[in-house]
Every structure is written in C-alpha cells, then in structure tokens.
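The sequence shown begins at 44 in my numbering and counts up by one.
So the structure is just underneath, and the comments pick up after that.
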Amino acid sequence: MNNKGCGFIRKFICEKDLRTERLDPYFYQIELELKKKLENKQTVPLRMLCEEITDGTRNATEFVGYRTNVPYIRLSNIVDNRLVQKGMKYLFDLDGIEKKAVVRKGDILISKIVSLPKMALVDETYDGAVISPDIIKIRPVDQQAQAVLMKFFSSNIGILSLKKMAVPSVLPKISLKQLEDLAVVIDEEPEGDSRNEQAILKQKLHSLYEFGFNEIDTSLPTEFWLKNQLTTERLDVDYYRYHTSKTFEQLKNKIKTERWLQLKDICEIVNHTVSPTDFSNKEIRYIGFKNIDTNSYRIISAETILFEKVKSRARYVLKENDILLGIVGPYIGEENQPLAFVTKEYEGALASSAFVVLRNFKYSTAYLLWCLSHPLVRFQLRAKRRGQWQMMISIDDLKRIYLPVESPEKIDLIENMVKKFIH
C-alpha cells in the first residue's frame with residue numbers, strides 16, 4: 044500500500060483496519076467518536092426494529108395545482124420534527140408510483156442528505172402520501188420500536204450515526220444498504236427529557252417573534268408581478284413576487300414604526316481570509332455545512348484534513364462567539380439554512396467559503412441567533428437570493444438585511460432562553 048498522503052488517516056485508525064472502499068478520513072473520525080460514545084451501551088441493528096427501510100420515488104413528475112388525497116412530501120415539508128403543508132405539492136393519484144414510496148401512519152421519515160438532518164413521524168393526515176427520493180421511510184415493527192427510534196434519531200449519537208452511513212460524494216447521502224446495520228441505542232433514558240425541553244424552548248422562542256406570515260400566491264401570472272418594475276439588475280420573477288407581497292408591506296411597516304437596524308450596523312462581516320502559505324502542508328480543522336446542526340445552532344464536529352485538500356474552500360479562521368451563516372445553496376432563508384455559533388472548542392478552525400462569518404456584535408451572540416431565525420429576516424434572505432443552478436446571496440445584499448432591535452427587557456429574556464436552548 045502506498046503510504047504517501049494517508050498520514051492523517053492514521054490519526055483515527057490503524058493501517059491494518061483501513062478499508063479500501065472507505066478512504067475518506069472523515070468516516071474514520073466519526074467511527075472513532077462513535078466507538079467512544081457507544082461504549083457500555085446496549086444496541087441492536089436497525090433492521091431488527093423495522094419492517095421496511097426504503098427511500099422515495101423519482102417517478103413523481105406531474106403535479107396538480109390543487110389539493111388532493113396524495114400529498115408529495117419533500118424535505119422542505121419537514122420542519123421542527125413535523126410535517127407541514129406550506130409549499131406542499133400534490134399528485135392526482137398513485138399511478139406509476141412505487142409502493143416503497145408510499146407512507147403510512149406511524150412511519151418515521153428521515154433526511155437522506157446528511158448535511159440536512161431532519162425527522163418526522165407520519166400521522167393520519169399524511170397516511171398514503173408519497174415521499175421524494177431525498178427522504179428515507181422507516182416502518183417500525185411496533186409502537187415500542189417507534190418510540191426507541193424517535194428518541195435515537197433525535198439524539199446526538201443518532202445524528203452522528205447517520206453521518207457515518209453517508210456515501211462520499213459532492214452531496215453525501217445515506218446508504219440504505221449500510222443503514223440496515225446501523226447500531227441503535229436502546230438504553231438511553233436521560234436525553235429524551237432534555238430533547239423535549241429543547242422542543243418546548245424552541246416553540247417559546249418562536250412565539251416571541253409575534254408575527255403572522257402571509258404566504259405568497261405563486262399561482263398568479265408572471266405579468267402580475269412584473270408590471271412596470273422590471274430592471275436589468277434582477278430578471279428573476281421571484282424577486283418581484285417577494286417585493287410586491289403583503290409580507291413585504293408588513294416588513295416596511297415594521298421598519299418604519301419599530302426599531303430595525305441593518306446587519307452592517309449591528310455586526311462585522313469578516314472579510315479577512317487565510318493566506319495559503321500559512322497553512323501549507325499542515326493539517327487543519329475544517330468546518331463545512333455537514334458539520335453544522337441547524338436545529339441546535341451548534342457545530343457538532345470538524346474535519347481534520349490536509350489544507351491542500353480544501354485550499355479552494357477553506358477561508359476564515361474562527362474565533363469563539365463568531366456566528367456562521369450559510370450563503371450558498373437552495374436553503375438560503377429557509378428553516379434549514381446553516382446557522383451556528385462558534386464555541387471555544389472550535390476556535391482556530393477554518394470555515395468554508397460557503398459561510399459568512401459574523402463578529403463584533405452590538406448585541407450578544409444569543410440574541411443575534413434569534414434575530415437571524417426571525418421569519419421576516421428569513422423572508423428578506425429569500426427575497427435577496429439569486430441564481431438558477433446555485434442559489435447565493437451577495438455580501439452587499441446581506442449587509443442591507445434588516446434585523447429587529449427589541450426592548451432591553453425582551454432582549455434579556457431572549458438571550459436567557461437561547462443560552463438555555465443551546466447549552
């Protein structure tokens with residue numbers, strides 16, 4: 044075996060254990076971490092708790108413009124561990140749809156894309172729905188198995204275990220074949236209570252936004268949105284849909300009657316990038332989208348890798364209390380847009396160019412995390428994003444995003460709740 048270039052692999056695994064089908068060091072890093080976490084815990088293979096493990100269909104291509112009895116569930120329809128109707132598509136019937144893609148009440152749905160960890164339980168509303176190919180359906184053998192799996196997939200060990208199941212690619216996805224042998228912890232008790240507490244806290248934080256969202260009617264013809272306002276700067280119709288919507292009017296009214304400041308007046312957007320000569324031939328800790336848990340605002344891992352492997356992407360040296368915000372990809376302005384704060388543990392790591400790094404805040408990290416998740420802030424991010432094949436938002440547009448500045452008493456309340464949520 045040629046030993047050149049595999050020195051940092053040995054950091055996580057002995058050479059005799061190296062498998063030729065898995066040469067990515069990140070796999071062994073997760074494996075080593077899981078080995079420690081699973082020590083002295085009772086586990087069973089996932090297949091022992093399930094009747095069926097399948098993914099969705101690629102045959103669903105023709106949708107109707109009205110609600111039917113056959114909803115088509117995509118990842119965007121899974122929000123905060125539940126299924127939502129916002130943006131739901133519908134099929135006329137199940138003609139041409141494989142049985143494996145049809146879900147029943149009690150099924151557990153998880154994201155196949157490891158960088159977007161999501162989970163939901165199918166209730167009677169979505170019994171008979173069809174799932175997209177980016178969703179995995181798990182059918183538990185009974186209610187007891189269902190409870191065990193829901194708790195496991197919500198845990199840190201569960202999320203890390205699913206990452207280990209990923210097949211290396213540009214967009215790593217979970218392998219169904221490997222998933223069958225996933226070791227499920229069946230003796231975890233304390234974490235369930237903390238997860239329930241987190242869900243309650245998140246709901247309370249959301250209620251503090253005090254805002255009702257008006258959906259945009261996308262069924263109206265293009266001419267309605269453009270009218271006389273088309274400019275050469277923005278030729279995408281979605282931009283005009285957002286700026287002529289009722290929600291945009293609500294935003295303008297809030298900016299006029301309440302205290303809202305632009306992002307550039309609240310914090311610094313870091314523009315100093317690393318010098319390749321400073322890291323030449325060195326191992327670094329690299330953080331990309333797959334290292335972020337969007338539900339908890341946390342960095343859950345860092346990839347130890349030679350700088351040369353990621354020199355085209357590694358951009359920013361992180362400091363404690365920095366905030367990472369994803370600015371590339373289809374999730375800009377969505378619930379699952381990558382967003383996390385930097386703890387002491389990840390100070391000095393290098394972040395991907397797919398993030399912006401926010402620093403030197405007028406307000407606390409905790410409060411800014413709450414602001415960046417505000418429905419009206421996300422609305423602005425969606426309105427400003429651009430691109431057909433690769434969505435992105437420019438730094439200039441990001442600087443002009445408005446954030447709410449609440450009363451000192453409410454800011455204190457928000458800060459305390461966010462700190463409790465993330466710690």
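All C-beta atoms, glycine included, are put in the ideal place defined by N, C-alpha and C.
With a cut-off of 8 Å on the beta carbons, I'd call residue i and residue j a contact; round off their distance for me.
| i | j | result |
| --- | --- | --- |
| Leu248 | Trp413 | 6 Å |
| Glu141 | Thr104 | Going by Cβ atoms, the distance from Glu141 to Thr104 rounds to 13 Å, so no, they are not a contact pair. |
| Pro418 | Tyr252 | 6 Å |
| Val184 | Cys93 | 6 Å |
| Leu244 | Phe384 | With 8 Å as the limit, Leu244 and Phe384 do not qualify as a contact, their Cβ atoms being about 16 Å apart. |
| Leu126 | Phe106 | No, Leu126 and Phe106 are not in contact; Cβ-Cβ is about 17 Å, not under 8 Å. |
| Met193 | Leu164 | 7 Å |
| Ala426 | Arg328 | Between Arg328 and Ala426 the Cβ distance is about 35 Å, and since that is not below 8 Å, they are no contact. |
Need the endpoints of the beta strand (DSSP E) that residue i sits in, please.
| i | result |
| --- | --- |
| Tyr12 | Coverage of the chain is limited to positions 44 through 466, which leaves residue 12 absent and any answer about it impossible. |
| Cys93 | Cys93 to Asp98 |
| Tyr359 | Ala357 to Val360 |
| Gly369 | Ile366 to Gly369 |
| Leu152 | Ile151 to Ser154 |
| Ile179 | Ile178 to Pro183 |
| Lys132 | Lys132 to Leu134 |
| Leu393 | Leu393 to Ser395 |
| Pro88 | Thr86 to Pro88 |
Going by beta carbon distance, what residues of the same chain come within less than 6 Å of residue i, once the five residues before and after it are set aside?
| i | result |
| --- | --- |
| Met44 | Model confidence at Met44 stands at a pLDDT of 43, short of 50, so the residue's coordinates are unreliable; what they give is reported in the following sentence. Excluding sequence neighbours, Met44 sits near nothing in its chain. |
| Lys453 | none |
| Val371 | Ala397 and Met435 |
| Glu234 | In this predicted model, Glu234 has a pLDDT of only 47, less than 50, meaning its place in the structure is not dependable; the value taken from the coordinates is given anyway. Within the same chain, Glu234 has close Cβ partners Ser198. |
| Glu449 | none |
| Ile181 | Cys93, Ile96 and Ile151 |
| Ser204 | Leu225 |
| Leu278 | Note that Leu278 scores a pLDDT of 49, beneath 50, so its modelled location is shaky and nothing firm can be said. |
| Met91 | none |
| His466 | none |
Below 8 Å CB to CB, which residues in the same chain sit around residue i once its five sequence neighbours on both sides are set aside?
| i | result |
| --- | --- |
| Leu334 | Looking at the sequence provided, one finds Asn at residue 334 rather than Leu. For Asn334, where only same-chain residues beyond five positions count, the Cβ hits under 8 Å are Ile342, Ile343, Ser344, Ala345 and Glu346. |
| Ser262 | Reliability of the predicted coordinates at Ser262 is poor, the pLDDT of 41 falling under 50, and no value is obtained from them. |
| Leu446 | Trp303, Leu304, Gln305, Leu306, Ile309, Leu411, Cys414, Leu415, His417 and Val420 |
| Val173 | Gly99, Thr100, Ala103, Val113, Pro114, Tyr115, Ile116, Leu134, Leu137, Ile140, Ala144, Val145 and Val146 |
| Lys462 | Ala409 |
Is the beta carbon of residue i less than 8 Å from the beta carbon of residue j?
| i | j | result |
| --- | --- | --- |
| Leu361 | Ala409 | no |
| Gly376 | Arg443 | no |
| Lys161 | Ser154 | yes |
| Thr97 | Val227 | no |
| Arg284 | Thr316 | no |
| Tyr389 | Ile348 | no |
| Val191 | Ile217 | no |
| Gln189 | Gly149 | yes |
| Asp365 | Leu401 | yes |
| Met131 | Asn124 | no |
| Leu214 | Ile156 | yes |
| Phe332 | Pro373 | no |
| Glu363 | Lys387 | yes |
| Ile178 | Leu118 | yes |
| Asp336 | Ile438 | no |
| Val399 | Leu456 | no |
| Ile73 | Lys207 | yes |
| Val122 | Glu378 | yes |
| Pro319 | Lys297 | no |
| Phe350 | Ser323 | yes |
Which two residues bound the contiguous alpha helix (DSSP H) that contains residue i?
| i | result |
| --- | --- |
| Glu326 | Segment Glu326 to Ile330 is the beta strand (DSSP E) holding Glu326; no alpha helix (DSSP H) there. |
| Pro114 | No alpha helix (DSSP H) holds Pro114; the beta strand (DSSP E) holding it covers Val113 to Ile116. |
| Phe398 | Unbroken run through Phe398 is the beta strand (DSSP E), Phe398 to Arg402; no alpha helix (DSSP H). |
| Pro451 | Pro451 to Ile465 |
| Val165 | That residue, Val165, is in no alpha helix (DSSP H); it is neither H nor E in DSSP. |
| Leu382 | Segment Leu382 to Phe384 is the beta strand (DSSP E) holding Leu382; no alpha helix (DSSP H) there. |
| Tyr252 | First-last for Tyr252: undefined, no H or E at that position. |
| Val420 | Pro418 to Lys427 |
| Tyr406 | No alpha helix (DSSP H) holds Tyr406; DSSP gives it neither H nor E. |
| Leu137 | Careful: Leu137 lies outside any alpha helix (DSSP H) and carries neither H nor E. |
| Ile375 | Ile375 -> no alpha helix (DSSP H), and no H or E assigned at all. |
| Ile438 | Ile438 to Lys442 |
Looking at the ligand HEM, does it come within less than 7 Å of residue i, judged from the CB to the closest heavy atom?
| i | result |
| --- | --- |
| Thr287 | No copy of the ligand HEM appears in this structure; indeed no ligand is present at all. |
Any Cβ of chain B within less than 8 Å of the Cβ of residue i?
| i | result |
| --- | --- |
| Lys405 | Among the chains in the structure shown there is no chain B, since it carries only a single protein chain. |
Apart from the five residues on each side of it in sequence, which residues of its chain come closer than 7 Å, Cβ to Cβ, to residue i?
| i | result |
| --- | --- |
| Gln241 | Phe464 |
Just list the alpha helix (DSSP H) runs in the segment 300–347, keeping only unbroken ones of 4 residues or longer that don't cross its boundaries, in chain order. Within the segment 300–347, the runs of alpha helix (DSSP H) that reach at least 4 residues and sit entirely inside it are, in chain order, 319–322.
Give the list of continuous alpha helix (DSSP H) stretches no shorter than 4 residues that lie fully inside the segment 198–227. List check, alpha helix (DSSP H) in window: 199–207 and 219–222.
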